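Protein chains in written order, with numbering that gives the first Met the number 0: chain A, 0 to 304; chain B, 0 to 304. Think of the CB as a built atom: it goes at the ideal place given N, C-alpha and C, for glycine as much as any other residue. Computed from a predicted structure; not experimentally measured. These notes concern the structure reproduced below.
There are 2 protein chains.
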Amino acid sequence: MSILVVGSVAFDSVETPFGKGENVLGGSATYFSTSASFFTDVNLVAVVGEDFPQEHFDFLKSRNINVDGLSRSPGKTFHWKGKYGYDLNEAQTLATHLNVFEHFKPVIPAAYKDAEYLFLANIDPELQMEVLNQVRKPRVIACDTMNFWIASKPDALKKVIERVDILVINEGEARQFSQEANLVKAARTILDLGLKTLIIKRGEYGVLMFNGASVFAAPAYPLEEVFDPTGAGDTFAGGFMGYLANTGDTSEAGIRQALIFGSVMASFNVEDFSLNRMKSLGYKEIEERYRSFKALTHFEGLPSL
Amino acid sequence: MSILVVGSVAFDSVETPFGKGENVLGGSATYFSTSASFFTDVNLVAVVGEDFPQEHFDFLKSRNINVDGLSRSPGKTFHWKGKYGYDLNEAQTLATHLNVFEHFKPVIPAAYKDAEYLFLANIDPELQMEVLNQVRKPRVIACDTMNFWIASKPDALKKVIERVDILVINEGEARQFSQEANLVKAARTILDLGLKTLIIKRGEYGVLMFNGASVFAAPAYPLEEVFDPTGAGDTFAGGFMGYLANTGDTSEAGIRQALIFGSVMASFNVEDFSLNRMKSLGYKEIEERYRSFKALTHFEGLPSL
Chain A
0 MSILVVGSVA FDSVETPFGK GENVLGGSAT YFSTSASFFT DVNLVAVVGE DFPQEHFDFL
60 KSRNINVDGL SRSPGKTFHW KGKYGYDLNE AQTLATHLNV FEHFKPVIPA AYKDAEYLFL
120 ANIDPELQME VLNQVRKPRV IACDTMNFWI ASKPDALKKV IERVDILVIN EGEARQFSQE
180 ANLVKAARTI LDLGLKTLII KRGEYGVLMF NGASVFAAPA YPLEEVFDPT GAGDTFAGGF
240 MGYLANTGDT SEAGIRQALI FGSVMASFNV EDFSLNRMKS LGYKEIEERY RSFKALTHFE
300 GLPSL
Chain B
0 MSILVVGSVA FDSVETPFGK GENVLGGSAT YFSTSASFFT DVNLVAVVGE DFPQEHFDFL
60 KSRNINVDGL SRSPGKTFHW KGKYGYDLNE AQTLATHLNV FEHFKPVIPA AYKDAEYLFL
120 ANIDPELQME VLNQVRKPRV IACDTMNFWI ASKPDALKKV IERVDILVIN EGEARQFSQE
180 ANLVKAARTI LDLGLKTLII KRGEYGVLMF NGASVFAAPA YPLEEVFDPT GAGDTFAGGF
240 MGYLANTGDT SEAGIRQALI FGSVMASFNV EDFSLNRMKS LGYKEIEERY RSFKALTHFE
300 GLPSL
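Printed below as a string of structure tokens:
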């Protein structure tokens, strides 16, 4: 099954202690789509400006991402500028130029309206709602958000969450949104809005998933070189949703495997700037790292003493 | 096999957002011993003052902890005063009164010198070395330390580490000691001192273990109520070493199981102030939580797409 994703396609200027990238390809929908494309077909809805080069369109197409919904508007492409210190969990935003994104109104092409898998990347919750109002009956809807929307549009965000199945947010955002310091209590509060699944991203510490009554913890893959964490969360979501869309298996076992594939994809993405690592990545490597995650976490059952 | 532990027995005054305890039983060796006592016999070497009540001696004895090496000196017992905010990973030390601990010279009773399992809790590395010089040939030696010794006595600490098998430290301490921001690189640098195993504690995020060429990640148990994280690290170490001493199994599989038992014990300890939770804990509960850790982390192997 194909996935529909609505979000941002952007230029990023990123500085980390290990190097920098100027005006490189970025954006939540870009990272998500590229990651998901290793598992399934992706339909991308976003907007770019006149300055968005053909080379990037070509890259997305080469990954089998349908860009019929990627419209070009007069003006400049969304530009994010950020910096990371040695604590790669936290980006410092230096500048956000919304540009053409400022007046973005997502229009879902007719051919995408029957999407069975939908990912609402981090955009204004009012726009996320507009997307929900244009699609028919997706089997699985997941969404992301950020601290800015939690603070500025909590009610609109709540209405979106009430209509989605899976929410993917950061640890700090979960605490902020629920007003609970304890993460398990925070999760319960958010799940009570009607979610089936809540996935809490903890950066280099991995992911905690609350799925009905079950809780699943997966570490991040311990890497010797982390160059650029930009897009790790969207890359995670892309691997997760991509695998779900590929298999259609939303059982507890299936959703846990999906979460590991998401973690695998994120672990590759941080190894280089922008989407560079995705460009060289092959499926054999993905399988190999899935096995490494198993080796990293496996232990024997209860011994009798 | 029994374990020998050398460390502190103390009074703690602890404040958390959820309550406080004044002059409650604490100390690294106390937490370690109590936790380990669920798995094996423990011989405790430490010092207390004249103010240390019989009730605490009785508690330790009731846990089958041999206190022949717990000497009483003129003066007051070591007293630590600390405070936690909502970020329960980090204690703020308000006061440290070493009292009788200031002139503590560990003397290992003759009956303990053939100890096969030795834990050097967090004390001055010069004292840790004195302990090493008094024991004959332990099969497994583990040690802990803290930022204060890393900063003030790095050379003495290095000499200790060169003689132990297992080092158990915090994430921040691993970075501080190795001068490496990346945790995997930090671990490699520390392992190069000659350790077999390095266990890095990450508070509510769990534990990362480097054992030879293998890496193992275990989450902390997600709890709805964390009252007091004091002693969690020593309780972890107690469960870990206690299980190892019980089984003698230092294979990769055995050491991973030991790490989960350590995590289980720590997860109980933080549920109440001081050692209160340990006082009510039963082995059935430990087994039950071990199974919960398995359920929390298990996922199926690589699927074929």
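**Prompt:** Within the present structure, is the beta-carbon of asparagine 275/B separated from the nearest heavy atom of the ligand FAD by less than 7 Å?
**Reply:** Of the ligands one can find in the structure shown there are none, so the ligand FAD has no counterpart to examine.
**Asked** How many whole angstroms separate the CB atoms of phenylalanine 100/A and valine 46/A, which I take to be in contact at a CB cut-off of 8 Å?
**Response** For the purposes of this step, residue 100/A is taken as residue 101 along the first sequence, with counting starting at 1. For the purposes of this step, residue 46/A is taken as residue 47 along the first sequence, with counting starting at 1. Their Cβ separation, rounded to whole angstroms, is 6 Å, which keeps phenylalanine 100/A and valine 46/A in contact under 8 Å.
**Prompt:** When the cut-off is 8 Å and only beta carbons count, does valine 183/A lie next to chain B?
**Reply:** The count along the first sequence starts at 1 and reaches residue 183/A at position 184. Chain B places a beta carbon closer than 8 Å to that of valine 183/A, counting this residue as a contact.
**Prompt:** Just reading off the alpha helix (DSSP H) that methionine 145/B is part of, what are its end residues?
**Reply:** For the purposes of this step, residue 145/B is taken as residue 146 along the second sequence, with counting starting at 1. Per DSSP, methionine 145/B belongs to no alpha helix (DSSP H) and is neither H nor E.
**Item:** Proximal residues to glycine 25/A (C-beta, below 6 Å), its chain only, five neighbours per side dropped
**Value:** Your numbering for residue 25/A matches position 26 in the first sequence. Cβ within range, chain order: Ala9 and Asp11.
**Prompt:** Can you give the Cα-Cα distance for glycine 18/A and glutamine 91/A, rounded to whole angstroms?
**Reply:** Here residue 18/A corresponds to residue number 19 of the first sequence, with the count starting at 1. Here residue 91/A corresponds to residue number 92 of the first sequence, with the count starting at 1. The alpha-carbon atoms of glycine 18/A and glutamine 91/A are separated by roughly 15 Å.
**Prompt:** For asparagine 98/B, which three-state DSSP category applies?
**Reply:** Translated into the one-based positions of the second sequence, residue 98/B becomes position 99. Helix.
**Request:** Could you name the residues that DSSP lists as bridge partners for glutamate 14/B?
**Result:** Your numbering for residue 14/B matches position 15 in the second sequence. For glutamate 14/B, which the question treats as bridged, DSSP gives the partners Lys19/B and Lys82/B.
**Request:** Hey, could you find the ends of the alpha helix (DSSP H) serine 27/A is sitting in?
**Result:** Within the first sequence, the letter at position 28 stands for residue 27/A. Taken as a continuous stretch (DSSP letters only), the alpha helix (DSSP H) holding serine 27/A covers 27-35.
**Asked** What first and last residue would you give for the alpha helix (DSSP H) that runs through aspartate 67/B?
**Response** Translated into the one-based positions of the second sequence, residue 67/B becomes position 68. Premise fails: aspartate 67/B lies in the beta strand (DSSP E), 64-71, not in any alpha helix (DSSP H).
**Range covered by the alpha helix (DSSP H) that runs through tyrosine 242/A** = To locate residue 242/A, count along the first sequence from 1; it is residue 243. Element bounds for tyrosine 242/A: 231-246.
**Request:** Could you check if lysine 104/B is buried or exposed, using at least 16 other CB atoms within 10 Å of its CB as the buried criterion?
**Result:** Stepping through the second sequence from its first residue, residue 104/B is reached at position 105. Lysine 104/B comes out exposed.
**Message:** Could you check whether the Cβ of tyrosine 116/A sits closer than 8 Å to any Cβ belonging to chain B?
**Reply:** For the purposes of this step, residue 116/A is taken as the residue at position 117 of the first sequence. Not one chain B Cβ lies under 8 Å of tyrosine 116/A.
**Message:** If you measure between the beta carbons of glycine 205/B and proline 218/B, is that distance less than 8 Å?
**Reply:** Position 206 of the second sequence holds residue 205/B. Position 219 of the second sequence holds residue 218/B. With respect to proline 218/B, glycine 205/B sits close: the two C-beta atoms are nearer than 8 Å.
**Under the three-state DSSP convention, the category serine 213/A falls into** = Taking the first sequence and counting its residues from 1, the one referred to as residue 213/A is at position 214. Shown here, serine 213/A sits in a strand according to DSSP, grouped into three states.
**Message:** For alanine 150/A, count the other beta carbons within 10 Å of its own beta carbon; 16 or more makes it buried, fewer makes it exposed. Which is it?
**Reply:** Residue numbering aside, residue 150/A sits at position 151 when the first sequence is read from its first letter. Result: exposed.
**Item:** Residues of its chain near glutamine 133/B, where Cβ-Cβ distance is below 6 Å and the 5 sequence neighbours each way are ignored
**Value:** For the purposes of this step, residue 133/B is taken as residue 134 along the second sequence, with counting starting at 1. Excluding sequence neighbours, glutamine 133/B sits near Ile107.
**Asked** For threonine 188/A, which residues from the same chain have a beta carbon less than 7 Å from its beta carbon, with the 5 sequence-adjacent residues on both sides left out?
**Response** To locate residue 188/A, count along the first sequence from 1; it is residue 189. Excluding sequence neighbours, threonine 188/A sits near Ser177 and Glu179.
**Prompt:** With a cut-off of 8 Å, do at least 3 Cβ pairs link the region 239-259 of chain A to the region 270-282 of chain B?
**Reply:** When C-beta atoms of the region 239-259 of chain A are compared with those of the region 270-282 of chain B, fewer than three pairs fall below 8 Å, so the two segments do not count as touching.
**Request:** Under 7 Å between beta-carbons, which chain B residues line up against glutamate 286/A? List them in chain order, please.
**Result:** Against the first sequence, residue 286/A aligns to sequence position 287. Going along chain B in sequence order, the residues near glutamate 286/A (Cβ under 7 Å) are Leu301.
**Request:** Check glutamate 128/B in the structure and name its three-state DSSP category.
**Result:** Taking the first residue of the second sequence as 1, we reach residue 128/B at position 129. Sequence check: residue 128/B is methionine here, not glutamate. DSSP places methionine 128/B in helix when its eight states are reduced to three.
**Option in Glu203/A, Met240/A, Asp248/A and Pro221/A with minimal Cα separation from alanine 231/A** = Here residue 231/A refers to the residue found at position 232 of the first sequence. For the residues Glu203/A, Met240/A, Asp248/A and Pro221/A, the minimum Cα distance to alanine 231/A belongs to Glu203/A.
**Asked** Given a limit of 8 Å on CB to CB distance, which residues of the region 204-230 of chain B reach chain A?
**Response** Tyr204, Gly205, Leu207, Ser213, Val214, Phe215, Ala216, Ala217, Pro218, Pro221, Leu222, Glu223, Glu224 and Val225
**Asked** With a Cβ-Cβ cutoff of 8 Å, do valine 44/A and valine 5/A count as a contact?
**Response** Along the first sequence, read from residue 1 onward, the residue named residue 44/A stands at position 45. Along the first sequence, read from residue 1 onward, the residue named residue 5/A stands at position 6. Yes. Within cutoff.
**glutamate 161/A vs glycine 193/A beta-carbon contact at 8 Å** = Here residue 161/A is taken as the residue at index 162 of the first sequence, counted from 1. Here residue 193/A is taken as the residue at index 194 of the first sequence, counted from 1. Yes, the pair counts as a contact, with Cβ atoms nearer than the cut-off.
**Prompt:** Does any C-beta atom of chain B lie closer than 8 Å to the C-beta of tyrosine 83/A?
**Reply:** If you number the first sequence from 1, residue 83/A lands on position 84. Taking Cβ atoms only, chain B never reaches closer than 8 Å to tyrosine 83/A, which makes this a no.
**Asked** Is the CB of leucine 295/A under 8 Å away from at least one CB in chain B?
**Response** To locate residue 295/A, count along the first sequence from 1; it is residue 296. By this cut-off, leucine 295/A is an interface position.
**Prompt:** When you compare only the Cα positions, how much space is there between isoleucine 2/A and phenylalanine 31/A?
**Reply:** Here residue 2/A refers to the residue found at position 3 when the first sequence is read from its first residue. Here residue 31/A refers to the residue found at position 32 when the first sequence is read from its first residue. One C-alpha to the other measures close to 10 Å.
**Asked** Using a Cβ-Cβ distance under 8 Å, would asparagine 245/A count as near chain B?
**Response** Taking the first residue of the first sequence as 1, we reach residue 245/A at position 246. Yes, contact with chain B.
**Message:** Does the contact criterion of 3 or more C-beta pairs under 8 Å hold for the region 50-65 of chain A versus the region 27-42 of chain A?
**Reply:** yes
**Message:** At the level of alpha carbons, what is the spacing between lysine 152/A and asparagine 146/A?
**Reply:** By one-based count along the first sequence, residue 152/A stands at place 153. By one-based count along the first sequence, residue 146/A stands at place 147. In a straight line, the C-alpha of lysine 152/A is about 10 Å away from that of asparagine 146/A.
**Prompt:** According to DSSP, which residues form a beta bridge with alanine 45/A?
**Reply:** As a first step, residue 45/A is located in the first sequence; it is residue number 46 there, counting from the start. According to DSSP, which records beta bridges pairwise, alanine 45/A is partnered with Leu69/A.
**Simplified DSSP assignment, three categories, for leucine 184/A** = Stepping through the first sequence from its first residue, residue 184/A is reached at position 185. A quick correction: the sequence has lysine, not leucine, at residue 184/A. Note: lysine 184/A maps to helix in three-state DSSP.
**Prompt:** Should valine 159/B and methionine 128/B be called a contact, given that it needs their Cβ atoms to be closer than 8 Å?
**Reply:** Reading the second sequence from its first residue, position 160 is the one you call residue 159/B. Reading the second sequence from its first residue, position 129 is the one you call residue 128/B. Result yes, Cβ atoms of valine 159/B and methionine 128/B sit closer than 8 Å.
**Asked** If you measure beta-carbon to beta-carbon, which residues of the region 167-195 of chain B are closer than 7 Å to chain A?
**Response** From the region 167-195 of chain B, only Ala180, Asn181, Leu182, Val183 and Lys184 have a Cβ closer than 7 Å to chain A.
**Request:** Return the chain-ordered list of same chain residues with a C-beta closer than 6 Å to the C-beta of isoleucine 165/B, the five sequence neighbours on each side being excluded.
**Result:** Residue numbering aside, residue 165/B sits at position 166 when the second sequence is read from its first letter. Cβ neighbours of isoleucine 165/B beyond the five flanking positions: Ala141 and Thr196.
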